[in-house]
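Residue numbers (our numbering): 93 to 507.
Yeah, the Cβ is synthetic: ideal placement off N, Cα and C, and Gly gets one too.
The structure appears below as structure tokens.
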């Protein structure tokens, strides 16, 4: 789960948030972490009730009617595709620090295509092979954060951290929160592949809570160095690399950019592992065409869903910029979160609901409060993203309606 969360948020958020909130960026980070706390607890309760593949879709299906439950799965899958687009754009941005020509035009498209082919191939080979590569990359990523913070903390200038501007109004503050909520969004990916963990009902709740706490400290350390070192944190698309350049010259920029590329690749790999499994869960429940869940006879992976998900994700990267992909991904994901919280609220009063191993006290009121809270954040910070999100949801509902009319061909084996 840490591999999913230490990624684009850490590398892009300092500049994007500072442009919206200035010296209040730490307050935005704290607000995002506080807002996320009840959501994490709701997901810890939800994830401990299930052991099947699907994560948020399974949580919604247990407490909501079929249509809104499908909407959760569809939106979470789409948000992951947009996350791949966000990270792929960020990958090209940092790689262009070495080869500027890659940032635009045909070289950019070819770079994204090569990245997509390589990572899709790893995922097609199976969860074990993917996990090996993921484990190597998480070591690189954690080492990168520690090295960056340890090297930069000694050069932080306290006067740069002073707040010399008024508190942002509600809309830019909410927009800045959305950027950090995207950064945190990987917390639920551990539950999406819960069916493939050794003991998901024990391990996933602990991973959700512990992972978010660890990542909060990591993001705070990175933000501290960027704000305390850079004259204009919002002026550079590669704020960490620019901080490395100011501290240690060109060699510092090269070292930070190389570490950033490892962080980005690791995060995309984790998403490409979990993203097709959302389609698999929807296919298994006959909410989407069953051929989407076809399993490769040798690799035992849902190869059709993997290829389609990767084509869409990396294709979005070629058609959209980083901030557009990021905000749409966050809006889609938050909508799914809200529906999951409503599902938990409905289940809290049902004796026949699946019983949790991690029992959240006052789960009904907390779930309802969390749903209202994130609905408000969406209403303030994602107004522009709601129309395209509605169009994506409409496409999904058409596929859902068609699949519901198709005859069932009978059961099949899972990957």
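Taking only the alpha-carbon atoms, compute the straight-line gap between residue i and residue j and give it to the nearest angstrom.
i	j	result
residue 438	residue 213	41 Å
residue 332	residue 394	37 Å
residue 495	residue 265	41 Å
residue 46	residue 124	Past the boundaries of the shown model lies residue 46; the chain is included only from 93 to 507, so the question cannot be answered.
residue 492	residue 162	8 Å
residue 134	residue 436	7 Å
residue 354	residue 104	14 Å
residue 246	residue 237	15 Å
residue 256	residue 328	21 Å
residue 113	residue 405	30 Å
residue 475	residue 122	23 Å
residue 481	residue 420	7 Å
residue 158	residue 443	20 Å
residue 363	residue 314	23 Å
residue 460	residue 177	32 Å
Assuming residue i contacts residue j (C-beta within less than 8 Å), just tell me the rounded distance between them.
i	j	result
residue 349	residue 186	5 Å
residue 215	residue 316	Not confirmed; about 35 Å, so no contact.
residue 172	residue 366	7 Å
residue 426	residue 470	5 Å
residue 263	residue 472	6 Å
Using three-state DSSP, classify residue i as helix, strand or coil.
i	result
residue 143	coil
residue 245	helix
residue 286	Because residue 286 sits at a pLDDT of 49, beneath the cut-off of 50, its placement in the model cannot be relied upon, and the following sentence gives the value as read from the coordinates. Note: residue 286 maps to helix in three-state DSSP.
residue 183	helix
residue 312	helix
residue 189	coil
residue 137	helix
residue 387	coil
residue 334	helix
residue 171	helix
residue 259	coil
residue 455	helix
Cutting at 7 Å between CB atoms, please list the residues of its own chain near residue i, excluding the five before and the five after it.
i	result
residue 109	117, 120, 268, 271 and 272
residue 301	132 and 136
residue 184	194, 195, 200, 203 and 204
residue 164	148, 149, 152, 428, 431 and 432
Between which residues of its own chain and residue i is the CB-CB distance below 6 Å, once the five residues before and five after are set aside?
i	result
residue 318	106, 325, 331 and 335
residue 413	none
residue 488	166
residue 206	none
residue 386	396
Less than 8 Å separating the beta-carbons of residue i and residue j?
i	j	result
residue 446	residue 152	no
residue 180	residue 423	no
residue 384	residue 400	yes
residue 375	residue 382	yes
residue 132	residue 279	yes
residue 465	residue 127	yes
residue 130	residue 458	yes
residue 141	residue 453	no
residue 339	residue 244	yes
residue 358	residue 233	yes
residue 102	residue 275	yes
residue 174	residue 417	yes
residue 254	residue 115	yes
Given residue i, which residues of its chain have a CB within under 8 Å of its CB, disregarding the five upstream and five downstream residues?
i	result
residue 217	391 and 393
residue 111	326
residue 441	456
Given the structure, does residue i come close to the ligand SAM, in the sense that its CB is under 7 Å from one of the ligand's heavy atoms?
i	result
residue 470	This structure lacks the ligand SAM; in fact it carries no ligand of any kind.
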